[in-house]
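Participant: Pasting a structure here, questions to come.
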Amino acid sequence: MITISACLIVKNEEQILARCLNSLNDIVDEIVIVDTGSTDGTKDIAKNYTDKIYDFQWIDDFAAARNFSFSKAAMDYIYVADADEVIDEENRIKFLQLKKAMLPEIDIVQMKYANQFQFNTTYNFDVEYRPKLYKRVRYFYWIDPIHESVSLEPIIYDSDIEILHLPTSNHAPRDFKTFQKIILRGEKLSKKLINMYARELFIAGTKEDFLKAESFFEMLLEDDSYSFAYEERKAIQCVLVRCSSLKNDLPKLLKYSLNNVAGDKPSSEICYELGEYFFGLSDYKEAIIWFYNAAYETECELNIHYGGDYPLKKLSACYENLGNIEQADAYNELAKQWKAE
Numbered sequence: 002m003i004t005i006s007a008c009l010i011v012k013n014e015e016q017i018l019a020r021c022l023n024s025l026n027d028i029v030d031e032i033v034i035v036d037t038g039s040t041d042g043t044k045d046i047a048k049n050y051t052d053k054i055y056d057f058q059w060i061d062d063f064a065a066a067r068n069f070s071f072s073k074a075a076m077d078y079i080y081v082a083d084a085d086e087v088i089d090e091e092n093r094i095k096f097l098q099l100k101k102a103m104l105p106e107i108d109i110v111q112m113k114y115a116n117q118f119q120f121n122t123t124y125n126f127d128v129e130y131r132p133k134l135y136k137r138v139r140y141f142y143w144i145d146p147i148h149e150s151v152s153l154e155p156i157i158y159d160s161d162i163e164i165l166h167l168p169t170s171n172h173a174p175r176d177f178k179t180f181q182k183i184i185l186r187g188e189k190l191s192k193k194l195i196n197m198y199a200r201e202l203f204i205a206g207t208k209e210d211f212l213k214a215e216s217f218f219e220m221l222l223e224d225d226s227y228s229f230a231y232e233e234r235k236a237i238q239c240v241l242v243r244c245s246s247l248k249n250d251l252p253k254l255l256k257y258s259l260n261n262v263a264g265d266k267p268s269s270e271i272c273y274e275l276g277e278y279f280f281g282l283s284d285y286k287e288a289i290i291w292f293y294n295a296a297y298e299t300e301c302e303l304n305i306h307y308g309g310d311y312p313l314k315k316l317s318a319c320y321e322n323l324g325n326i327e328q329a330d331a332y333n334e335l336a337k338q339w340k341a342e
């Protein structure tokens with residue numbers, strides 16, 4: 002049977018830490034707690050479960066803290082946990098079964114992450130797979146009978162274990178502050194992080210968050226060093242169209258919108274914003290064209306609702322303003338029935 006280290010980074014989690022550790026305590030072989038500056042009773046609670054408690058000076062870098070926690074793990078595999086997660090009894094049993102049956106060649110185990118819509122900031126689906134269990138020391142092996150090479154792709158197993166996410170607050174303000182600090186330091190964001198920033202803006206961002214981000218996303222379109230592909234540029238255009246809309250900046254709204262809709266696959270978010278523009282002018286017939294395109298003819302880049310219930314509700318409002326109550330009711334019902342899939 003494999004052995005597992007559970008690694009957590011925590012700060013001021015006294016209200017929820019015991020709940021998490023109780024669900025882990027007898028299914029992992031060691032618990033590693035990395036504290037990034039708690040001022041409450043977090044570390045005292047952690048002492049009831051482990052003596053492997055380490056302080057780490059917070060430097061606005063979650064990856065650095067995670068790497069430090071990994072460096073303290075000693076078991077075969079490392080389970081990455083957050084204090085606001087819980088494994089219920091049914092899934093604890095599955096977890097133990099996995100430990101007994103785990104094939105040694107598996108590098109990563111993915112588990113279902115559930116209840117993501119509570120205080121959601123970046124996710125479009127309530128349940129989806131996340132990598133949660135990692136082999137601590139990975140072995141490399143050769144493949145191909147001729148022109149042989151070392152396999153670099155990890156072997157990943159999708160388990161049926163479900164982790165329940167039970168956050169107590171919205172982390173978006175913290176995340177946006179961190180993004181701004183990284184940008185002010187002049188550090189270059191990865192393409193993945195740029196997309197996450199854009200997505201978090203569309204799911205949880207306020208007007209102020211968008212406007213603070215505007216100059217950064219404008220710079221991205223001018224920065225040739227990124228070499229953005231067409232699909233990658235669309236997410237940036239979505240953010241800039243929203244910023245232009247919030248500022249009532251029609252020239253920029255048209256500039257970024259036209260660059261997007263002139264492509265092969267326009268974005269639902271931008272069609273929705275164009276619909277909002279014409280809706281604000283009381284030009285409901287024109288707004289219907291764009292809301293319909295958002296709902297049925299395009300794909301979402303960042304927030305799945307912009308291709309679903311959001312434009313359907315606006316179509317209902319358009320038809321209501323035009324006096325077509327039957328059509329308004331039909332779209333309103335479609336909006337109610339819509340589910341993220």
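Whatever position you read off the sequence shown (first residue = 1), add 1 for this note's numbering. C-beta: ideal position from N, C-alpha, C; glycine also.
1. Output yes or no for whether 8 Å exceeds the beta carbon distance between N13 and T51.
2. Would you list, in sequence order, the uninterrupted alpha helix (DSSP H) runs of no fewer than 4 residues that lie entirely inside the region 150–231?
3. Hey, out of K192, L190, I204 and Y285, whose CA is closest to A172's CA?
4. Compute the Euclidean distance between the alpha carbons of R175 and N260, then round it to the nearest angstrom.
5. Among all the DSSP beta bridges, which residues are the ones paired with K113?
6. Do A82 and L25 come within 8 Å of each other at the CB atom, strictly closer than that value?
7. Measuring only the C-alpha atoms, how far is G276 from F292?
8. Do the CB positions of I34 and D85 come within less than 8 Å of each other?
9. Which whole runs of the alpha helix (DSSP H) in the region 41–120 are 4 residues long or more, in chain order?
10. What residue from D159, I94 and P146 has the CA that sits closest to Y130's CA?
11. One question on the structure: do Y231 and S269 come within less than 8 Å of each other, judged by their Cβ atoms?
12. Can you tell me whether M103 is buried or exposed, with buried defined as 16 or more other CB within 10 angstroms of its CB?
13. Tell me, please, which residues DSSP counts as bridged to K337.
14. Let me know the alpha helix (DSSP H) ranges lying completely inside the region 251–299, each 4 residues or longer, listed in chain order.
15. Taking its Cβ as the centre, do 16 or more other Cβ atoms sit within 10 Å of D36, making it buried, or is it exposed?
16. Assuming D30 and I5 form a contact by the criterion Cβ under 8 Å, report the distance between their Cβ atoms to the nearest whole angstrom.
17. If distances are taken between C-alpha atoms only, which option among L251, D265, V242 and K248 comes closest to Y273?
18. Closer than 7 Å by C-beta to I28: which residues in its own chain qualify, once you throw out the five before and the five after it? Chain order, please.
Facilitator: A quick look at the data gives this:
1. When the beta-carbon positions are compared, N13 and T51 stay at least 8 Å from each other.
2. 173–185, 192–205 and 208–223
3. With the sequence shown as reference, residue 172 is identified as His, and Ala is not the correct amino acid for it. When only C-alpha atoms are compared, the closest one is I204.
4. 32 Å
5. Y130 and E163
6. yes
7. So the alpha carbons of these two residues sit roughly 5 Å apart.
8. no
9. 43–47, 63–72 and 90–102
10. D159
11. no
12. buried
13. Its beta-bridge partners do not exist; DSSP assigns none.
14. Listed in chain order, the complete alpha helix (DSSP H) runs (minimum 4 residues) inside the region 251–299 are 251–262, 269–281 and 285–293.
15. That one is buried.
16. 6 Å
17. V242
18. The beta carbon of I28 lies closer than 7 Å to those of R93, F96 and L97 in the same chain, with the five residues before and after it left out.
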